[in-house]
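Structure record follows, encoded as structure tokens.
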Amino acid sequence: MSIQFEKFVRPLKLRALEIPNRIWMSPMCQYSAGADGIPTSWHTIHYGSRAVGGAGMIMVESTAIGPRHRTTAHDLGIWSDDQVSAHRELAAHIKHLGAAAAVQLQSAGRKSSHNVPWLLGGQNSAVTVDDGGWIPMAPSAKPFGQLTVPVEMTISEMDEVVEAFFQAAVNAHAAEYDVVEVHAAHGYLLHQFLSPITNDRSDDYGGSLENRMRLPLRVCKAVREAFPQEKPVFVRITATDWIDGGITMEEAGTFAGRLAGLGIDLLDVTSGALTADVPPPSRHGLNLEFAEVLREKSGLAVAPVGQLSDPDLLGTVFESSPVDAVIVGRALLLDPYFALRLAGDAPKKFWPSQYHRAL
Ligand SMILES: Cc1cc2nc3c(=O)[nH]c(=O)nc-3n(C[C@H](O)[C@H](O)[C@H](O)COP(=O)(O)O)c2cc1C
Numbered sequence: 040m041s042i043q044f045e046k047f048v049r050p051l052k053l054r055a056l057e058i059p060n061r062i063w064m065s066p067m068c069q070y071s072a073g074a075d076g077i078p079t080s081w082h083t084i085h086y087g088s089r090a091v092g093g094a095g096m097i098m099v100e101s102t103a104i105g106p107r108h109r110t111t112a113h114d115l116g117i118w119s120d121d122q123v124s125a126h127r128e129l130a131a132h133i134k135h136l137g138a139a140a141a142v143q144l145q146s147a148g149r150k151s152s153h154n155v156p157w158l159l160g161g162q163n164s165a166v167t168v169d170d171g172g173w174i175p176m177a178p179s180a181k182p183f184g185q186l187t188v189p190v191e192m193t194i195s196e197m198d199e200v201v202e203a204f205f206q207a208a209v210n211a212h213a214a215e216y217d218v219v220e221v222h223a224a225h226g227y228l229l230h231q232f233l234s235p236i237t238n239d240r241s242d243d244y245g246g247s248l249e250n251r252m253r254l255p256l257r258v259c260k261a262v263r264e265a266f267p268q269e270k271p272v273f274v275r276i277t278a279t280d281w282i283d284g285g286i287t288m289e290e291a292g293t294f295a296g297r298l299a300g301l302g303i304d305l306l307d308v309t310s311g312a313l314t315a316d317v318p319p320p321s322r323h324g325l326n327l328e329f330a331e332v333l334r335e336k337s338g339l340a341v342a343p344v345g346q347l348s349d350p351d352l353l354g355t356v357f358e359s360s361p362v363d364a365v366i367v368g369r370a371l372l373l374d375p376y377f378a379l380r381l382a383g384d385a386p387k388k389f390w391p392s393q394y395h396r397a398l
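Written out as structure tokens, the structure is:
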């Protein structure tokens, strides 16, 4: 089945930014950065082809705010001048091809210093300091699976994280990205603070929800202040940990409300990936209803991600769900033209003119 093209080719205006349609590419780490976290021709072609393929916004993969915040030695970074100038070329390229350009800002916390997925033991194997890795830091000294045991962060290290996110947002603006997204999900640093499963602290940053939200809220406030008022800021938020004793929808709703108070513009709604032994359930539209509830509770725009590639389901979403956009991951890895192909009977005009003779 193809879906009514007009249903998702509707622009979405957030602050001064007009995003051309409602199907966006999810941030997906490519582990393909060059020296010192600099985007390469892989990124240019990979993101450019999805922009040609009709995704309304390209969300560039998780991009570290500093060297110790990377997941692997091949992650993108956005802390140095050389990185910023390469990001400026990448963002310009994406925008030239008709999509909005976003970048996801990341601190990996305890899910840090591992191998790239296709090498050696992959994501579940630690790279030790002797092999060029580093010691991860986290709210508590609890490791992720077989990865290196992290050190419990000090207050001054938390202050440094806030400052590094601030500077990363300044740098993202200097690189002329349209949007920055704070990664507060999938078991990375800010999610580790939010969840009682990974946060055992007994100071002002652990225990009650108010305390567990403290660092994520400080980071989101700093990023909002650093990024220009006319440009939107997103937060990737977890709706549930899928673990007893973890984050619930009620807590996620409270967090979402506080993000609204900080001037965050959109929640990118996901769930799970906090621990190595609990995969999220396999179900079409997994986070769709969570997004609808969080929209209701926070008043913010929302875009769910996760197993949203079935054309029938997408047809229903665009027909009747209040969500503001849909974020697609793996389906866009397999097919850069996923968005254009959704509408088999789409008018030619939506395809690039250069391809019209094929239609
Ligand atoms: C290769 C790969 C890399 C990923 N990297 C990131 C990332 O950098 N940041 C992030 O928030 N999620 C990342 N994810 C998760 C996706 O963004 C997305 O949330 C997930 O794949 C579910 O959406 P899907 O069912 O449409 O693939 C990654 C997923 C894949 C497959």
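The letter at position 67 of the sequence shown is residue 106 when you use my numbering, and the numbering goes up by one with no holes. All C-beta atoms, glycine included, are put in the ideal place defined by N, C-alpha and C.
Segment limits, alpha helix (DSSP H) that includes residue i
{"i": "residue 266", "result": "Segment: none, residue 266 is in no alpha helix (DSSP H) and carries neither H nor E."}
{"i": "residue 239", "result": "Neither: residue 239 is in no alpha helix (DSSP H) and is coded neither H nor E."}
{"i": "residue 295", "result": "288–300"}
{"i": "residue 173", "result": "First-last for residue 173: undefined, no H or E at that position."}
{"i": "residue 197", "result": "194–213"}
{"i": "residue 231", "result": "228–233"}
{"i": "residue 122", "result": "120–135"}
{"i": "residue 329", "result": "327–337"}
{"i": "residue 82", "result": "80–91"}
Integer-rounded CB distance, given that residue j should sit under 8 angstroms from residue i
{"i": "residue 177", "j": "residue 237", "result": "7 angstroms"}
{"i": "residue 62", "j": "residue 378", "result": "5 angstroms"}
{"i": "residue 432", "j": "residue 310", "result": "One cannot answer for residue 432 here, as it falls past the ends of the chain, which runs 40 to 398."}
{"i": "residue 211", "j": "residue 219", "result": "5 angstroms"}
{"i": "residue 118", "j": "residue 137", "result": "Residue 118 to residue 137, Cβ: 29 angstroms. No contact."}
{"i": "residue 320", "j": "residue 330", "result": "The Cβ separation is near 16 angstroms, so there is no contact."}
{"i": "residue 95", "j": "residue 389", "result": "So it is not a contact: roughly 12 angstroms between Cβ atoms."}
{"i": "residue 76", "j": "residue 114", "result": "6 angstroms"}
{"i": "residue 223", "j": "residue 255", "result": "5 angstroms"}
{"i": "residue 252", "j": "residue 233", "result": "6 angstroms"}
{"i": "residue 175", "j": "residue 151", "result": "4 angstroms"}
{"i": "residue 148", "j": "residue 231", "result": "5 angstroms"}
{"i": "residue 82", "j": "residue 129", "result": "6 angstroms"}
{"i": "residue 140", "j": "residue 208", "result": "Rounded, the Cβ-Cβ distance is 14 angstroms, inconsistent with contact."}
{"i": "residue 165", "j": "residue 187", "result": "5 angstroms"}
{"i": "residue 345", "j": "residue 326", "result": "5 angstroms"}
{"i": "residue 143", "j": "residue 102", "result": "6 angstroms"}
Terminal residues of the beta strand (DSSP E) in which residue i lies
{"i": "residue 343", "result": "340–343"}
{"i": "residue 222", "result": "218–223"}
{"i": "residue 101", "result": "96–103"}
{"i": "residue 399", "result": "Past the edges of the chain, shown from 40 to 398, lies residue 399, and the structure says nothing about it."}
{"i": "residue 144", "result": "139–145"}
{"i": "residue 52", "result": "51–53"}
{"i": "residue 273", "result": "272–277"}
{"i": "residue 309", "result": "305–309"}
{"i": "residue 58", "result": "56–58"}
Burial state of residue i, where buried means 16 or more other Cβ atoms lie within 10 Å
{"i": "residue 318", "result": "exposed"}
{"i": "residue 270", "result": "buried"}
{"i": "residue 392", "result": "exposed"}
{"i": "residue 146", "result": "buried"}
{"i": "residue 52", "result": "exposed"}
{"i": "residue 40", "result": "Interpretation of residue 40 is limited by its pLDDT of 49, a score under 50 that renders its predicted location unreliable; the figure taken from the coordinates is listed afterwards. By the neighbour-count rule (16 or more Cβ atoms within 10 Å), residue 40 is not buried but exposed."}
{"i": "residue 100", "result": "buried"}
{"i": "residue 348", "result": "buried"}
{"i": "residue 194", "result": "exposed"}
{"i": "residue 274", "result": "buried"}
{"i": "residue 50", "result": "exposed"}
{"i": "residue 154", "result": "buried"}
{"i": "residue 133", "result": "buried"}
{"i": "residue 394", "result": "exposed"}
{"i": "residue 334", "result": "buried"}
{"i": "residue 290", "result": "buried"}
{"i": "residue 398", "result": "exposed"}
{"i": "residue 107", "result": "buried"}
{"i": "residue 323", "result": "exposed"}
{"i": "residue 277", "result": "buried"}
{"i": "residue 122", "result": "buried"}
{"i": "residue 87", "result": "buried"}
{"i": "residue 160", "result": "exposed"}
{"i": "residue 135", "result": "exposed"}
{"i": "residue 200", "result": "buried"}
{"i": "residue 312", "result": "buried"}
{"i": "residue 57", "result": "exposed"}
Can you check the stretch 351–390 for any beta strand (DSSP E) of at least 3 residues that lies completely inside it and give the ranges in chain order?
Counting whole runs of 3 or more residues, the stretch 351–390 contains the beta strand (DSSP E) stretches 365–367.
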